[in-house]
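Student: Provided herewith is a single structure, encoded as C-alpha cells, for subsequent inquiry.
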Amino acid sequence: MPEKYHITTKPVPPRRPRIGKYGVVDWREDCARCHNCVKKACIYDRHRDEIKYIRTIESVDALFFDCMGCFSCVQDCTKNLLCLTINPEYEKLGNRYWTPEIIQTTWSQAETAKIPVSGAGYRGRFSGEGFDSMWTDMSEIVRPTRDGIHGREYISSAVDIGQKPAFLATNIDEVVSPLSPILSLPMPLIIDRMPDQFAHPKLDAIIAETAVKTGLIAIMGSEKWPLFEEDADRVLPHIAFYFASGAGMISGEILKKTRFAEIEDGRDVKDRIRELKRIHPGIVVAVRVEMTAEGMRRAVELADGDVEVIHIAADQNGRQIGAENPLFIKEMIRKIHKALIENGKRDNVTIIAGGGIALPEHLAKGVLCGADLVSIELPLLVGLECHLCPRCVEGSVCPARIQEITFNYGAGRMTNLISAWHDQLIEMMGAMGIRDARRLRGDTGRAMFFEQLEEEAFGRIFGKRLQA
Amino acid sequence: MAEFLEKDCRLDEILPEKTLKTRTPQFQQTRAIRPALPRYRNEIAKYIILRDEEKCAACGRCVALCPQGVHVRKPGYKCFALPKSHLCFGPKCEEKGCYCITACPQGALRIQENPMMKVLGDYRWPAAMILATWKMAESGKIPLTDYGYEFETGDSGGGFDRIRFKFPEKPPVELGKDEIDTTLELNRRNDGRPKIRIDVPWYGGGMSFGSVSNTTQLSKARAAVAWNTFTCTGEGGFMERMRPYDDHMITQVATGLFGVREETIQRVRIVEFKYAQGAKPGLGGHLLGDKNTEAVAKMRETVVGISLFSPFPFHSVYSIEDHMKHIDWVKHVNRRALISTKVSTPNDVDMVAVGSYSAGTHIIHLDGGYGGTGAAPDIAKKNIAMPIEYAITKVHNFLVDEGAREKVTLIASGGIRNPYDIAKAIALGADGCVVGTSELVALGCVRCARCSTGRGCPRGIATTDNLLAPKIDLEWGAQRIINMYNAWRNELVTILQRLGLRSVSELKGRSDLLMHLDYTNDVAGNPS
Chain A
3 MPEKYHITTK
13 PVPPRRPRIG
23 KYGVVDWRED
33 CARCHNCVKK
43 ACIYDRHRDE
53 IKYIRTIESV
63 DALFFDCMGC
73 FSCVQDCTKN
83 LLCLTINPEY
93 EKLGNRYWTP
103 EIIQTTWSQA
113 ETAKIPVSGA
123 GYRGRFSGEG
133 FDSMWTDMSE
143 IVRPTRDGIH
153 GREYISSAVD
163 IGQKPAFLAT
173 NIDEVVSPLS
183 PILSLPMPLI
193 IDRMPDQFAH
203 PKLDAIIAET
213 AVKTGLIAIM
223 GSEKWPLFEE
233 DADRVLPHIA
243 FYFASGAGMI
253 SGEILKKTRF
263 AEIEDGRDVK
273 DRIRELKRIH
283 PGIVVAVRVE
293 MTAEGMRRAV
303 ELADGDVEVI
313 HIAADQNGRQ
323 IGAENPLFIK
333 EMIRKIHKAL
343 IENGKRDNVT
353 IIAGGGIALP
363 EHLAKGVLCG
373 ADLVSIELPL
383 LVGLECHLCP
393 RCVEGSVCPA
403 RIQEITFNYG
413 AGRMTNLISA
423 WHDQLIEMMG
433 AMGIRDARRL
443 RGDTGRAMFF
453 EQLEEEAFGR
463 IFGKRLQA
Chain B
5 MAEFLEKDCR
15 LDEILPEKTL
25 KTRTPQFQQT
35 RAIRPALPRY
45 RNEIAKYIIL
55 RDEEKCAACG
65 RCVALCPQGV
75 HVRKPGYKCF
85 ALPKSHLCFG
95 PKCEEKGCYC
105 ITACPQGALR
115 IQENPMMKVL
125 GDYRWPAAMI
135 LATWKMAESG
145 KIPLTDYGYE
155 FETGDSGGGF
165 DRIRFKFPEK
175 PPVELGKDEI
185 DTTLELNRRN
195 DGRPKIRIDV
205 PWYGGGMSFG
215 SVSNTTQLSK
225 ARAAVAWNTF
235 TCTGEGGFME
245 RMRPYDDHMI
255 TQVATGLFGV
265 REETIQRVRI
275 VEFKYAQGAK
285 PGLGGHLLGD
295 KNTEAVAKMR
305 ETVVGISLFS
315 PFPFHSVYSI
325 EDHMKHIDWV
335 KHVNRRALIS
345 TKVSTPNDVD
355 MVAVGSYSAG
365 THIIHLDGGY
375 GGTGAAPDIA
385 KKNIAMPIEY
395 AITKVHNFLV
405 DEGAREKVTL
415 IASGGIRNPY
425 DIAKAIALGA
435 DGCVVGTSEL
445 VALGCVRCAR
455 CSTGRGCPRG
465 IATTDNLLAP
475 KIDLEWGAQR
485 IINMYNAWRN
495 ELVTILQRLG
505 LRSVSELKGR
515 SDLLMHLDYT
525 NDVAGNPS
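So the protein lines, in turn, are chains A and B. The end of the first sequence is residue 470 by my numbering, with every number in the run present. The end of the second sequence is residue 532 by my numbering, with every number in the run present.
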C-alpha cells in the first residue's frame, strides 16, 4: 500500500487574547454579589476565568470575550442585570467577504488542526454570493458511478500539475510520445505569494517551512532565492519562484532544485518558458494571468498556445479585477473550464485558481467548478491571528503583532490550518463518494447550483425568478 | 438460548403478530394544556422595562393599568418586584391606551428594545421565532400578535423564508375548526400491515440517548403519546425506561447499529432505516467521547469515554436491491411494523426515493441539508446536500410521474421550525414532517450550538452530564412539548380554514396556494 498522506500537527495556542463573539456585560449598577453567575450558572467557568484574566491583564486593548453564548448567567442573574452582547471587536474583524465567522474559524483551525464542529444545525443564510450559491452532492444508496464504499484512508487527494497527453504513441515496448514534465501535489492546494501589503519579511521562511511540512509548494518572488541557499535540498523542491516581467534569471543550480516556476503574463511568455526549460528541462512552468476583463480570454488563448499551467488570479475577494460588473472566481473557473473542453484542450493545461479562497469548502467547490487546484495566501496569514484589518497598510500598530511571531509558531499554525483543510476536503469527498481528487475536477454532476435548483424546483411553481 | 431470549429480551412482552398493541403496559398522557412556566429566573424579552426607584412614588398606577401583569407589587410589600418584561407588548400598548411609560405620573418608567434580541438566535431561527416558540411551549397558544413576534418565517433569505401562502380574502368554503382533519395515514401500501394514523401531520425526530438526555427523550415520548404521534430513538438504543412508550416509538436502525437488537425492532410499530442525516449528509454519526458516559456506553455496548462513530453508509448496502434485503429482514423480524427510510437530499434524491419505494418502504423520510440537532462539522452543515425545500418538490413530482405518489408517505425534515413550515412543506408535496430543533427550543434551547462542547448542552437538554441533565423536570419538559404541539395544531387548522381546506391531505401538493417573494408568480394555473 502506498504511503498515506499525513500532516503531523500539534496544537499551537494563540499569542493574543482570543476575540470571542459574545461578551457578558453589566448594564446596571445593582449587583447583589450573590455569585450565581460565577458559581452556578456558567458551566464553562467563564466568569472566574474573566476575573483571573483581569488580574493578569497587560494591555487595555486586550479584552476578555470568551463567553460561549448560552444565556445561562443572563437568565439566572438574581437581579436580572446581565446582558449578552456581540463583542464589538469581533464585529470589526475582516470585511464583507472575509467575515468575522471566517476569521474566527480560521483561527480555531490554525490553533487546533481540527475540523470545526458545532451543534444545533445550520445557522446561516439559505444561500449567498459566490461559493455560497452552490452545494456539494452526497452519495446515497443508488449511485452507479460512485467509487464504492470505502474509508477515508482510501481517498486520494493528490493532483498533478502539468500537461497530460491525450494518448500515448508506442512503438512495440517503447513510448514514443513526447512526455511533458509533470509533478504531483498531495492535495489540490498551492501556497501563493502574499499580497504586497501583507508581505512581512518574516513570513517567507515560515511559509517555506509550511510547504515542506505539508508536502505542498509555495510560490515566492524570484528575488528571494538567497533565503533558501542554506537548506536548498530540503526546501527548494517545495518552492516555486515567481518571475515578474523583467526579473532576472536566478542561478541554474538553485533553479534545478525546484520543480515548478511561475512567470508573469506578457508578450514574451513563450520565450521565457523556453529559457527556464533550457536551464531545467524537468521544470513545470505556469503563467499567472490576472483576472481582469480580458483575463478569461487570455487564459484560453494561452491554453491554445500550449502553455502547460495557467494560474488565474482574481482579487482578494474572488472578484474580477477592474471590471464594471465583476464576475466571481467561481464563474470564471467554470467559463474557462468549459471553453477549454470545447477547444479540446482541457487535459493539455492545468488550471490553478486563486483569489477569494477563504474556506476549505471553497477549495472543493473551486475544483468542482473546473480548477485542477486552488491557491491560497490570506487564510495562512489569518491563521497567524491576523484580523485582516487595514491598520498595517495605514501604518498603525498591527493588533496581531505579526512582526513578533516566531518561526515555530508561524509554521505550526499554518501547518495546522492546511491539515484541517485537508481533513475537511476528505470529508466532502467521502460524502460525494469520490475517491480521487483528480476526478473531482469539473465534475459539476457532484455539485448543485442555486440557480439550477431554483429553476428545477420552483420555476414551474412560481414562474420566473426576479433579478435582485 | 431460548431461556436467554425469554429472560433478557422479555419475549412475552413483545406483541404477537396480529395485534397492534404491545403487551407492556403503556404510559397514558393527556394532551390537556397546562401552563409550563419558564424555568429560568429571567425570561428573555423583546422589550425591557426599567423603573427608576428614586422617582417612583409607588402609586400603583402601572399595576392597575397593565393588562399583562408586567408590574407586580406583592401583597404586604411597599416596593415593586422586577417588571416581568417578557409579558410586555411594548409601544403597542400606546394604541390600546394602557402604555405605562407615558401613564406614570412620575415619569419613573422607561422602555427600551432588548439589545439581546440581536444576540439571540440566527438567520434560520431569529430571536422572535425562539421567543414565540417559548411562548407556545409555555401556554399552548400562538403568541398574541401584540407581542410582535414574527415567528412565521426566519431571516435566511431563501426557501420557506421567502414563500408565503396566498390566503384568499374569504375562504372558498366556510369551515368550522372542528370540521378540519389534521390526521395523517402512514401506511398507503395496502400490504396487509397495520394502518397507522397519527393525529397531527408530524412526529419527533431521532435523537439518541447520548446526544440528548434521558429526560429530553422521555419528554418527547410523552408528547408523542399525548398527540397520538411518534418519536424516534435515534441511534443510541432503546432504553428500558422507554418501554411504556413502545406504541409511539420508532426504532432507528442506523449504520453503527448501536443498541439495535431483534427485540428492539420487534416491539415498535415503525422501524426507521437511517441512511444519512441532514446535519452531516454522507458523513455518518459521531458521539463525542465526553458524552459517552457509563449509562450511554452500557446502552450502546461500548467503552466509556471513547468517541463513537457511525460509519457512512451502511456497509451492507450498495444498491436498492441491498436496501430491499434490509427492509425484508426487518419486515420478517417484525410482521406488523411499517418501514421508514430516512435519507438525505443528494442530487438524485428522486431516484433514491423511487428506489426505496420499490424496495418496499412505507415512509420516505427526506432530511434536508440544513437540518439536524446534534454535533456536526460546520462544513457539512452548510455545504453538503440540498435544502429540503428543493428536495420535496423534486421527489413529489418524480413520484407522481412514476405513479407511486399515492402508495408511499413522504415525510420532510431538516429546517422545519413551525406550523407554517409544515404547511408549506405539505403544499410543496410532502405528506407530513419530522421536527427536532423546535422540540429542543420548547425545552429552552437558545441555539448556542455548544451541544458538542465538553459536558454538552449548558441548558441541560442535549447532555448526559449528571449535573446538567437534571435541570429539566420530566413533567415540565413533556408539558412544554405538548403545549407547543397544541399551538402548532391550532395554527395549522387556522391555515387550512383560511384556505378552505377540510384536511391536511387536501393541502398536499397544492403549490398553487403558495407564492414566492422572489418570483413573478405568474405560472399558468398558479395565478398570483
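Even glycine gets a Cβ: it sits at the ideal position worked out from N, Cα and C. As the structure is a prediction and not an experimental result, all values here were calculated from the model.
Could you give the C-beta distance for A/E292 and A/I331, rounded to a whole number, given that I count them as a contact under 8 Å?
Tutor: Incorrect: roughly 12 Å between the Cβ atoms, too far for contact.
Student: Might you give, ordered along the chain, the residues of its own chain that have their beta carbon closer than 6 Å to the beta carbon of A/G150, omitting 5 neighbours on each side?
Tutor: Note that A/G150 scores a pLDDT of 48, beneath 50, so its modelled location is shaky and nothing firm can be said.
Student: Between the beta-carbon of B/K346 and the beta-carbon of B/D371, is there less than 8 Å?
Tutor: Yes, these two residues count as a Cβ contact at 8 Å.
Student: Among the residues of its own chain, which have a CB less than 7 Å from the CB of B/S323, if the five just before and after it don't count?
Tutor: Counting only Cβ-Cβ distances below 7 Å, and skipping sequence neighbours, we find nothing.
Student: Evaluate A/M298 with the Cβ neighbour count: other Cβ atoms within 10 Å of its Cβ, from every protein chain shown; 16 or more gives buried, anything less gives exposed.
Tutor: Flag for A/M298 reads buried.
Student: In angstroms with no decimal places, state the Cα-to-Cα distance between A/T212 and A/D317.
Tutor: Each residue's alpha carbon lies about 24 Å from the other.
Student: Nearest-angstrom Cα distance between B/I499 and B/P350?
Tutor: Those two C-alpha atoms are separated by around 31 Å.
Student: Do A/T172 and B/I388 have their C-beta atoms closer together than 8 Å?
Tutor: Their beta carbons are not under 8 Å apart, which means A/T172 does not touch B/I388 by this criterion.
Student: Between the region 61 to 94 of chain A and chain B, which residues of the former have a C-beta closer than 8 Å to a C-beta of the latter?
Tutor: Flagged, chain order: M70, G71, C72, F73, S74, V76, Q77, D78, C79, T80, K81, N82, C85, L86, T87 and I88.
Student: For my contact list, B/M120 and B/I48 are in at a C-beta cut-off of 8 Å; report their separation, rounded to the angstrom.
Tutor: So it is a contact: roughly 6 Å between Cβ atoms.
Student: Buried or exposed, going by whether 16 or more other CB atoms sit within 10 Å of the CB of A/T147?
Tutor: For A/T147, the predicted structure reports a pLDDT of 42, less than 50, and the residue's modelled location is therefore unreliable. A value from the coordinates is still provided. Result: exposed.
Student: Using a C-beta cutoff of 8 Å, does B/P130 count as contacting chain A?
Tutor: Judged by the 8 Å Cβ criterion, B/P130 is not in contact with chain A.
Student: Checking contacts by CB at 8 Å: is A/R125 closer than that to chain B?
Tutor: Yes, A/R125 counts as interfacial toward chain B.
Student: Determine the direct distance from the alpha carbon of B/L91 to that of B/P42, and round the result to whole angstroms.
Tutor: The alpha-carbon atoms of B/P42 and B/L91 are separated by roughly 12 Å.
Student: Please find out if some non-hydrogen atom of the ligand ZN comes closer than 7 Å to the beta-carbon of B/V264.
Tutor: You won't find the ligand ZN in this model; it holds no ligand whatsoever.
Student: How is B/R114 classed by DSSP in three states: helix, strand or coil?
Tutor: Strand.
Student: Listing by chain order, which chain A residues have their CB less than 8 Å from the CB of B/G163?
Tutor: Ordered by position in chain A, the residues that pass the 8 Å Cβ test against B/G163 are F128.
Student: Hey, is B/E393's beta-carbon within less than 8 Å of any beta-carbon in chain A?
Tutor: With 8 Å as the cut-off, B/E393 counts as an interface residue toward chain A.
Student: Taking the DSSP output, what are the residues bridged to B/C437?
Tutor: Answer by DSSP bridge pairing, in chain order: B/W206 and B/A416.
Student: Taking C-beta pairs closer than 7 Å, name the residues in chain B that A/K466 reaches, listed in chain order.
Tutor: By Cβ distance, chain B contributes Y523 and T524.
Student: Does any residue of chain B bring its CB to less than 8 Å from the CB of A/G121?
Tutor: Yes, contact with chain B.
Student: Which residue's Cα is closest to the Cα of B/T149: B/F242, B/G94 and B/M243?
Tutor: Among B/F242, B/G94 and B/M243, the Cα nearest to that of B/T149 is on B/G94.
Student: Going along chain A, which residues have a C-beta under 7 Å from B/Y127?
Tutor: In chain order: R125, G126 and R127.
Student: Determine which residues of the region 369 to 394 of chain B have a Cβ less than 9 Å from any Cβ of chain A, and write them out in chain order.
Tutor: If the cut-off is 9 Å between Cβ atoms, the region 369 to 394 of chain B has G373, Y374, G375, G376, T377, G378, A379, A380, P381, D382, I383, A384, K385, K386, N387, I388, A389, M390, P391, E393 and Y394 near chain A.
Student: Quick one: residues in its chain with C-beta nearer than 7 Å to the C-beta of B/R55, no 5 flanking neighbours on either side, listed in chain order?
Tutor: So the qualifying residues of the chain are F84, P87, A112 and L113.
Student: Pick out whichever of B/Y127, B/E98 and B/N487 has its Cα sitting closest to the Cα of B/C452.
Tutor: Of B/Y127, B/E98 and B/N487, the residue nearest in Cα terms is B/Y127.
Student: Can you pull the DSSP bridge partners for B/L188?
Tutor: In DSSP, B/L188 forms a bridge with B/I202.
Student: Alpha carbons only, please: which of B/A379, B/K96, B/V356 and B/I426 is nearest the one belonging to B/E406?
Tutor: Ranking B/A379, B/K96, B/V356 and B/I426 by Cα distance to B/E406 puts B/V356 first.
Student: If you run the structure through DSSP and keep just helix, strand and coil, what is B/A507?
Tutor: A small correction: the amino acid at residue 507 of chain B is Ser; Ala does not occupy that position in the sequence shown. DSSP places B/S507 in strand when its eight states are reduced to three.
Student: At the 8 Å Cβ level, is B/M133 part of the contact set with chain A, yes or no?
Tutor: No, because no Cβ of chain A sits closer than 8 Å to the Cβ of B/M133.
Student: Counting only beta-carbon separations shorter than 8 Å, does A/E113 have a partner in chain B?
Tutor: For A/E113, the answer is no, since every Cβ of chain B falls outside 8 Å of its Cβ.
Student: Check the Cβ-Cβ distances between A/M189 and every residue of chain B, and say whether any is below 8 Å.
Tutor: Chain B contact via Cβ: absent.
Student: Output yes or no for whether 8 Å exceeds the beta carbon distance between B/I486 and B/S217.
Tutor: Cβ distance not < 8 Å, so B/I486 and B/S217 don't count as in contact.
Student: Determine, for B/K50, whether the minimum Cβ-Cβ distance to residues of chain A falls below 8 Å.
Tutor: Closer than 8 Å: no.
Student: Check the Cβ-Cβ distances between B/L472 and every residue of chain A, and say whether any is below 8 Å.
Tutor: Output row for B/L472: interface = yes.
Student: With DSSP as the reference, label A/M450 as helix, strand or coil.
Tutor: Three-state DSSP puts A/M450 in a strand.
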